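Structure, as C-alpha cells:
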Amino acid sequence: MSQTKGVSVSNTGMDMDALVKASVTTYQSKYDAAYKKETVAEWTKSAYADLYTELAKFKATASDYKLQSKTTAHTTTSGDSSVVTATANGDALNLSHDVTVNTVARNASLQSKSAITRATGTSTSKLLSDVAGITLTDDNKDSLAVAISFDVQDSATSTEKRTVSYTYKDLQTKTLTDMASDIKSLTTKTADDKTTNTNITASYDATNDTMNIYNKKAGADNIIKISANTSTISGDQLESQTKTLLTNLHLATYDGATLSSPLDATALNVNTITGVSSSITVDGQTYTGDTNAITVAGVTYTANKKSTSGSTTVSIGTDTDTLVKSVQTFVDSYNTLLDKMTAQLHATKSSTYGALTSDQKSAMTADEITAWETKAKTGILRNDSVLSKTVDDMRNAMTMTVSGGGLYKTAGSIGLTVGDWKTYGHITLDTDKLKTAIADDPSIVDKILAGDNKSTSTTDMDSQGVATRLSNLLTVDLKNFSDKAGTSASVSDTSTLGTQITDMNTNLAALLKVLQAKQDYYYTKYNDMESAVGQLTSSLTSVTSFLG
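All residue numbers for the sequence shown refer to my numbering, where the first residue is 173 and numbers rise by one.
Printed below as a string of C-alpha cells:
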C-alpha cells in the first residue's frame with residue numbers, strides 16, 4: 173500500500189495529506205486492484221494446497237487397499253494353543269492344517285548354577301581379581317601385562333572370535349559387572365563392513381551372585397564358545413588365572429528341562445554351547461528355523477512347546493467382522509475427501525466480499541478481518557476444472573465394472589453404493605449385502621477393491637479393482653494439482669499459480685514505485701506552494717504595516 177508523509181499545510185489551512193491522496197487516486201486504485209488480485213491468487217493457491225494434502229493422504233489409503241492385508245482377514249483356531257498358535261495373512265486359504273511341533277527353538281546359554289566362588293578376598297567381593305585368585309601387589313598393580321584373557325565366539329558358521337582382556341592395572345577396579353558389560357559390548361564387522369555388536373549378551377545378577385551369558389539368537393548355528401587364552405611367555409600365569417576365573421563362575425547349560433553340572437574352564441574350552449533350531453511339521457512337510465515362528469502358505473505358526481500327543485489341527489477361516497470394518501474405513505476415508513472437495517467445488521461465491529487493502533484492514537478489528545476474509549475465500553475454487561476432473565475420476569473409479577469378480581462385478585454389487593447428484597456421489601455401505609458377498613466368496617473384497625493391483629494404466633482399467641483405479645487416477649490428478657498450484661501454499665515454485673503470483677508481485681513492486689514517486693512529486697509541489705503562500709503573506713503583512 174501507499175505511504176503518506178503526514179504533513180499538513182499550516183499557512184493555507186489546507187490538509188496536504190488529503191490533497192496528495194486525492195491527486196494520486198488513479199495510481200492508488202491501480203495498485204489496490206493489483207494487490208487484491210495477488211491476494212486472491214495466494215488464497216487460491218492455499219486452497220489448492222489444502223486439498224492436495226488431503227488428496228495425497230487418501231491416495232496413500234487407496235494404495236493400502238491394493239494389498240491383501242486390507243482386503244482379506246482371517247480367523248485362526250488351534251486345537252491346542254499351548255502347543256501351537258497361528259495367524260494368517262492375505263495369502264492364506266480357508267483350510268485346516270495338521271501341525272506337529274518336533275522341537276522348540278532355544279538360545280544357547282550359560283548361567284551360574286550356584287553363587288560365584290572367590291579364590292581370594294571376601295565372599296561378597298565383586299572384583300575380578302578376587303574371583304581369579306590374583307593378588308595385586310606394589311610390584312604388579314600398575315603393570316600393563318595381560319592378567320586375564322578369553323575369547324568369545326557366537327556363530328558355528330564362522331571362526332571369528334572376539335577377545336576380552338584385562339591387565340593387572342585394570343584389575344584394581346574391574347568387577348563382575350564390568351566383565352558382563354565388556355562381553356555385551358563386543359563388536360564384529362558385517363558383510364558390508366559396518367560395525368555391530370556380536371550376538372552374545374551377558375549380565376551379572378548381584379542379588380543372586382550369578383553370571384548369565386546368552387546368545388541373542390536361537391538356533392543350532394548360534395552358539396557360545398568361551399576359551400581361555402594362553403601366553404607365550406614362560407612362567408606367565410595368564411592361562412591359569414583366566415581358567416580360575418571361568419571355573420569359579422560355575423557356568424552351566426540348560427537343555428530346556430534341567431540345568432547341567434557346572435562346566436570348568438577346561439570343559440568350556442572343549443565344549444561348544446549350541447542353541448536349538450525349531451522344527452515344525454505342517455501337513456507332512458517339516459520346516460526348521462532359528463525362531464519359533466515359521467510361515468507356510470500365508471499362515472504363520474508359532475511353536476509354544478513340543479507336541480506330546482500327535483498333531484494339532486489349525487483351522488483358517490474368514491474374519492468377516494474385521495473385513496467389514498476395513499471396508500467401512502475405506503468408505504469413510506473416501507467420503508471425507510469427497511466432502512472436502514465438493515464443498516469447495518459447489519460453494520457459492522459472494523460478490524460482496526473480496527480481498528481487503530491495508531487501509532481497509534486498519535479500520536477493522538482482527539475478528540472482523542477474519543470473518544470478512546472467510547466469506548471472501550468461500551467459493552474460490554467453485555467449478556474449478558482440475559477439481560471437477562478429480563471428483564469425476566473418483567466417481568468413475570467406483571462405478572466401473574471389475575472383470576474377474578464372478579457374480580460380483582461392481583463395488584455396488586457387494587454393498588458399496590455411489591449416491592446420486594444430490595449427495596455428490598457419497599458412498600453408502602450396506603453391511604448385510606457385503607457380508608453375504610463375503611460368505612459367497614471370501615476373496616471378493618480383494619477382487620473388487622484390489623483386482624489387478626499390478627496394473628498402473630489409467631485407460632485400460634477393467635481388470636483393476638476400485639482402490640487400484642483410484643490410486644492410479646489420483647496419481648495423475650495429484651500431478652495436475654501440482655502443475656496448477658504446487659504442493660504447498662508457498663509461492664516459491666514453478667507451478668502455474670506460483671509463476672503468476674511471482675509476476676504479480678513484480679508488477680506490484682513496480683506500481684508501488686510509481687505510486688510513491690507520484691506522492692513525492694505532489695508533496696514537493698504542495699510544499700513549494702506552501703512556501704510561496706508564506707512568502708506572499710509575509711510581504712503583504714510588511715506592506716500593510718508600512719502603509720499604516
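In this text, a Cβ means the ideal position worked out from N, Cα and C, and glycines have one as well. Since the structure is predicted, the reported quantities are computational estimates derived from the model, not experimental observations.
Rounded to the nearest angstrom, the gap between the Cα atoms of E226 and A219 is 11 angstroms. For A475, the enclosing beta strand (DSSP E) has its first and last residue at V471 to A475. When the five nearest sequence neighbours on each side are left out, the beta carbons in the same chain lying within less than 6 angstroms of the beta carbon of G251 are those of T484 and T485, in order along the chain. If the five residues before and after A234 are omitted, its C-beta is found closer than 6 angstroms to the C-beta atoms of A639, L642 and S643, all from its own chain and listed in chain order.
The region 187 to 195 makes no contact with the region 662 to 671, as fewer than three CB pairs between them are under 8 angstroms. Contact annotation: A437 and A400 have beta-carbon atoms nearer than 8 angstroms. Taking each of T524, K298, G658 and T331 in turn and checking the Cα distance to T379, the smallest one comes out for K298. Counting only residues of its own chain and dropping the five nearest sequence neighbours on each side, Y580 has a CB closer than 6 angstroms to the CB of I586, A609 and I616.
In this structure D618 is buried. Its beta-carbon is surrounded by 16 or more other beta-carbon atoms within 10 angstroms. Annotated three-state conformation of V276 is coil, per DSSP.
Of all C-beta pairs linking the region 515 to 525 to the region 550 to 569, three or more are shorter than 8 angstroms, placing the two stretches in contact. For the alpha helix (DSSP H) assignment, the region 193 to 228 encloses no uninterrupted run of at least 4 residues. In the three-state DSSP reduction, D302 falls in the helix class (H, G or I).
Non-local C-beta neighbours of M383 in its own chain, meaning closer than 6 angstroms and more than five positions away in sequence, comprise S284, Y376 and L421, ordered along the chain. For R554, there is no enclosing beta strand (DSSP E), as DSSP gives it neither H nor E. Burial check for M536: the Cβ neighbour count within 10 Å stays below 16, so the residue is exposed.
One alpha carbon belongs to V686, the other to S660, and they sit about 32 angstroms apart. Under the three-pair Cβ rule at 8 angstroms, the region 253 to 271 does not count as touching the region 405 to 414. By the Cβ rule, the region 693 to 700 does not count as touching the region 197 to 205, because fewer than three pairs are nearer than 8 angstroms. The region 446 to 458 and the region 271 to 288 touch, with no fewer than 3 CB-CB distances between them shorter than 8 angstroms. Cβ neighbours of L435 within its own chain (closer than 6 angstroms, five residues either side excluded): L423. Secondary structure note for Q344: it is in no alpha helix (DSSP H), with a DSSP letter that is neither H nor E. Secondary structure in the region 318 to 365: the alpha helix (DSSP H) runs of 4 residues or longer, each lying completely within the stretch, are 348 to 356 in chain order. Here N555 is exposed: its Cβ has fewer than 16 other Cβ atoms, across all protein chains shown, within 10 Å. The shortest C-alpha to C-alpha distance from G470 to any of V705, L300, S201 and T248 is the one to T248. In this structure, DSSP gives G251 a state outside helix and strand, which the three-state scheme calls coil. Counting C-beta atoms within 10 angstroms of its own C-beta, I673 has 16 or more neighbours from the protein chains shown and is therefore classed as buried. With contacts defined as CB atoms closer than 8 angstroms, T347 and L300 qualify as a contacting pair. Using a 10 angstroms sphere on the CB of I372, the tally of other CB atoms reaches 16 or more, which defines it as buried. Annotation for K356: T373 and A374 place their beta carbon closer than 7 angstroms to its own, counting only its chain and skipping 5 residues before and after.
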